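Let me begin by presenting the structure, written as structure tokens, before commenting on it.
2 protein chains.
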Amino acid sequence: MTAPLSEFELIARLAARLKPPGVPGAVGIGDDCAALPDGGGFLLLTCDAAVEGRHFTPGRTSHAAIGWRIATANVSDIVACGGRPTAALVSLGVPPGLPPETLDALYDGLARAAGHYGFDVLGGNVSGSGQLWVDLFMLGRAGRFISRAGAQPGDLLAVSGPLGDSAAGLALLLQGKAPPTPPPHADALMERHLRPLARLDLVEPLAQAATAAIDISDGLASELHHLAARSGVRLDVEAERIPRSPELIACAAAMGWDPLRMALGSGEEYALLFTVPRGGGLSAFGGLGTRIIGEVRAGAGVYLDGEPLAPAGWDHLRPPT
Amino acid sequence: MTAPLSEFELIARLAARLKPPGVPGAVGIGDDCAALPDGGGFLLLTCDAAVEGRHFTPGRTSHAAIGWRIATANVSDIVACGGRPTAALVSLGVPPGLPPETLDALYDGLARAAGHYGFDVLGGNVSGSGQLWVDLFMLGRAGRFISRAGAQPGDLLAVSGPLGDSAAGLALLLQGKAPPTPPPHADALMERHLRPLARLDLVEPLAQAATAAIDISDGLASELHHLAARSGVRLDVEAERIPRSPELIACAAAMGWDPLRMALGSGEEYALLFTVPRGGGLSAFGGLGTRIIGEVRAGAGVYLDGEPLAPAGWDHLRPPT
Numbered sequence: 177m178t179a180p181l182s183e184f185e186l187i188a189r190l191a192a193r194l195k196p197p198g199v200p201g202a203v204g205i206g207d208d209c210a211a212l213p214d215g216g217g218f219l220l221l222t223c224d225a226a227v228e229g230r231h232f233t234p235g236r237t238s239h240a241a242i243g244w245r246i247a248t249a250n251v252s253d254i255v256a257c258g259g260r261p262t263a264a265l266v267s268l269g270v271p272p273g274l275p276p277e278t279l280d281a282l283y284d285g286l287a288r289a290a291g292h293y294g295f296d297v298l299g300g301n302v303s304g305s306g307q308l309w310v311d312l313f314m315l316g317r318a319g320r321f322i323s324r325a326g327a328q329p330g331d332l333l334a335v336s337g338p339l340g341d342s343a344a345g346l347a348l349l350l351q352g353k354a355p356p357t358p359p360p361h362a363d364a365l366m367e368r369h370l371r372p373l374a375r376l377d378l379v380e381p382l383a384q385a386a387t388a389a390i391d392i393s394d395g396l397a398s399e400l401h402h403l404a405a406r407s408g409v410r411l412d413v414e415a416e417r418i419p420r421s422p423e424l425i426a427c428a429a430a431m432g433w434d435p436l437r438m439a440l441g442s443g444e445e446y447a448l449l450f451t452v453p454r455g456g457g458l459s460a461f462g463g464l465g466t467r468i469i470g471e472v473r474a475g476a477g478v479y480l481d482g483e484p485l486a487p488a489g490w491d492h493l494r495p496p497t
Numbered sequence: 177m178t179a180p181l182s183e184f185e186l187i188a189r190l191a192a193r194l195k196p197p198g199v200p201g202a203v204g205i206g207d208d209c210a211a212l213p214d215g216g217g218f219l220l221l222t223c224d225a226a227v228e229g230r231h232f233t234p235g236r237t238s239h240a241a242i243g244w245r246i247a248t249a250n251v252s253d254i255v256a257c258g259g260r261p262t263a264a265l266v267s268l269g270v271p272p273g274l275p276p277e278t279l280d281a282l283y284d285g286l287a288r289a290a291g292h293y294g295f296d297v298l299g300g301n302v303s304g305s306g307q308l309w310v311d312l313f314m315l316g317r318a319g320r321f322i323s324r325a326g327a328q329p330g331d332l333l334a335v336s337g338p339l340g341d342s343a344a345g346l347a348l349l350l351q352g353k354a355p356p357t358p359p360p361h362a363d364a365l366m367e368r369h370l371r372p373l374a375r376l377d378l379v380e381p382l383a384q385a386a387t388a389a390i391d392i393s394d395g396l397a398s399e400l401h402h403l404a405a406r407s408g409v410r411l412d413v414e415a416e417r418i419p420r421s422p423e424l425i426a427c428a429a430a431m432g433w434d435p436l437r438m439a440l441g442s443g444e445e446y447a448l449l450f451t452v453p454r455g456g457g458l459s460a461f462g463g464l465g466t467r468i469i470g471e472v473r474a475g476a477g478v479y480l481d482g483e484p485l486a487p488a489g490w491d492h493l494r495p496p497t
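In order, the protein sequences belong to chains W and H.
So the first sequence is residues 177 to 497, counted in my numbering.
So the second sequence is residues 177 to 497, counted in my numbering.
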């Protein structure tokens with residue numbers, strides 16, 4: 177009997193059983209998307225699933241929000257690789273007796289996301305299942321493929337905007353019954369958890385300037401470690417430069433929460449972490465709300481104000497909390 | 177309270193909530209694959225899932241066989257549209273405490289299929305789940321897209337080879353304990369259920385000659401109805417022309433089974449049903465074991481020896497048997 181593997185140990189173990197891609201220039205496991213060279217650019221491929229009892233609890237999250245969020249998760253993976261989404265297939269696991277209105281709502285959320293982000297839902301599959309799950313496969317197109325592996329010592333480290341709102345919104349949702357006096361901005365923070373937005377507005381500047389990028393789906397701390405390991409660099413972050421929204425700061429103060437902890441651990445926010453060359457690299461991002469949070473150095477590991485930072489992200493195989 | 181929807185009623189209901197594809201020439205819901213025009217040909221997209229307790233029972237089917245079969249199911253969809261598979265993503269639902277060796281075996285089956293059929297497994301996703309499921313998303317490439325909708329009155333109706341072996345193999349597997357004297361060819365028939373082969377050898381002749389094609393994944397009777405409805409034609413089948421293997425005939429005789437019923441209802445066999453123009457259309461298929469089973473007429477519906485034939489296929493939302 178061995179100890180259970182983490183998500184990332186399992187992925188590494190399974191990846192080792194597969195042959196490397198036979199197509200020259202193809203990108204396999206290790207980035208936010210896989211990619212195939214196509215007509216001078218890249219065809220991007222990604223997938224992400226939402227499972228009842230793991231990623232959502234019926235009654236707490238509307239099914240329209242589930243449809244929107246699973247689309248947003250996939251779009252964010254495509255944006256992180258420098259592309260725009262083009263098409264999706266949706267695969268459903270449907271438990272016996274599920275009211276069809278539930279799936280109507282899920283599809284309405286998905287259809288709204290398709291309209292917003294500009295992709296077509298071209299088809300999919302329906303299977304019987306013990307619990308509801310939705311698995312979305314998405315294709316995208318990029319001129320240049322932005323990998324997690326391209327960060328260079330000397331680059332600046334940046335994020336796409338304020339972090340932690342989603343974690344605060346989730347914590348408020350998980351409290352269930354509203355407190356007699358809800359904390360400030362509770363509704364706005366819960367809405368940011370339920371209706372996150374993938375940053376399609378960053379595609380062009382990322383394609384123009386980023387040396388590496390990664391979608392913050394499992395929390396900033398966790399993604400910093402992925403980026404450092406894949407690029408073979410050390411990342412130094414200054415805590416006070418990590419952007420936090422005024423709404424998060426006010427709510428956290430009222431609730432006695434630590435906004436920095438929330439910003440470091442907030443997943444499902446679909447913000448991006450990326451690196452740009454020092455000197456002019458950030459000029460492409462003017463007015464888009466991106467913030468420098470630190471720098472890339474030669475070495476290994478992740479440091480917050482000079483101290484080693486633990487990864488502490490969301491593990492998809494950990495029991496739900 | 178309404179009656180539960182069938183798989184096909186549900187798909188039609190959900191499809192109605194989506195916009196038609198915005199890309200000119202794209203193919204959406206209704207064929208074995210979706211498709212996007214790409215470089216003078218088509219990029220094909222399909223997905224198919226295997227769910228524990230629905231499509232397989234642990235202990236009865238090896239996990240290597242599950243990996244092989246889910247790949248074969250997807251490849252067969254791509255062949256039915258006239259293409260070859262190029263790349264796949266694999267999405268896993270992993271229950272707590274699943275021994276990693278189980279997934280090793282599943283990936284070994286998948287890797288063998290990737291080598292055999294010539295596609296790359298480029299990545300995927302891992303989610304926690306209450307039960308094991310594997311959802312495979314596959315891309316392929318076709319010069320010409322073969323739809324279910326192209327059958328013309330006057331065309332001949334054909335299948336790719338003997339039908340019913342898989343149903344017989346499954347029936348033998350479901351009996352559990354081997355009878356004291358196993359029926360003839362029991363092992364060969366069970367093997368055909370567990371290790372079906374997608375007909376990659378038919379891609380070129382289909383691309384050259386087929387007017388319509390469909391993968392027989394849910395049973396011949398069911399697929400005849402899909403083809404007739406989508407093409408807007410009547411299909412007339414002669415029972416004695418439906419090919420059955422000598423192994424099936426001998427085993428069915430010993431077990432008291434009706435081989436015709438098995439041939440009409442056998443799913444997961446990954447045989448193909450297709451139509452070709454009369455006069456020369458079949459010459460491309462010489463030596464590949466295909467058989468004419470009837471003809472396409474003006475009208476609607478499916479007739480077996482002149483009598484209306486009920487669809488009676490596998491419904492993915494029906495309770496498992």
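Built from N, CA and C at the ideal position, the CB exists for glycine as well.
Model, not experiment: these values are computed from the prediction.
In the structure shown, W/W433 falls within a coil segment according to DSSP collapsed to helix, strand and coil. Separation of H/H231 and H/A249 (C-alpha to C-alpha, rounded to the nearest whole angstrom) is 12 Å. Put simply, the backbone Cα of H/M366 is about 15 Å away from that of H/P435. As summarised for the stretch 358 to 416 of chain W, the continuous beta strand (DSSP E) elements at least 3 residues long and confined to that stretch are 388 to 392 and 410 to 413, given in chain order. When C-beta distances to chain W are compared with 7 Å, the residues of the stretch 294 to 313 of chain H below that value are D296, V297, L298, G299, G300, N301, V302, S303, G304, S305, G306, Q307, W309, D311 and F313, in chain order. Between H/V302 and H/L282, the C-beta gap is not smaller than 9 Å, which leaves the two residues out of contact.
Across the stretch 244 to 274 of chain H, CB contacts with chain W closer than 8 Å involve T262, A263, L265, S267, G269, V270, P272 and G273, in sequence order along the chain.
Closest by C-alpha distance to W/E185, out of H/G235, H/L279, H/G198 and H/L219, is H/L279.
Of all C-beta pairs linking the stretch 189 to 196 of chain W to the stretch 368 to 380 of chain W, fewer than three are shorter than 8 Å, placing the two stretches out of contact.
With distances taken between CA atoms, H/A226 lies nearest to H/G243 out of H/I418, H/G243, H/P271 and H/G235. Per DSSP, the continuous alpha helix (DSSP H) segment holding H/R189 begins and ends at E183 to A191. For H/R260, DSSP records a beta bridge to H/R317.
Under a 10 Å Cβ-count criterion, W/D363 is classified as exposed, with fewer than 16 other Cβ atoms of the shown protein chains found around its own Cβ. Excluding its 5 nearest sequence neighbours in each direction, W/A426 has C-beta neighbours in its own chain below 7 Å: P360 and H361, listed in chain order. As DSSP reads the structure, W/S459 sits in no beta bridge. As computed with DSSP, H/R454 is found in no beta bridge at all. Taking a beta-carbon distance threshold of 9 Å, W/I205 counts as an interface residue toward chain H. DSSP places H/A287 within a helical segment (H, G or I) once states are collapsed to three.
By the beta-carbon neighbour count (other beta carbons within 10 angstroms, threshold 16), H/T387 is buried.
In this structure, W/A447 lies away from W/L424, with their beta-carbon atoms at least 9 Å apart. Comparing C-alpha distances from W/P372 to each of W/G258, W/Q384, W/D391 and W/A210 shows the shortest one belongs to W/D391.
Nearest to H/E444 by alpha-carbon distance, out of H/P200, H/R245 and H/P180, is H/R245. In this structure, H/G304 lies near H/V270, with their beta-carbon atoms less than 9 Å apart. Contact between the stretch 408 to 422 of chain W and the stretch 331 to 344 of chain W is present, with at least three C-beta pairs closer than 8 Å.
Between the alpha carbons of H/A188 and W/V452 lies a gap of roughly 47 Å. In the three-state reduction of the DSSP assignment, W/T233 falls in the coil class. Residue pairing for W/V266: DSSP places it in a beta bridge opposite W/G300 and W/L312.
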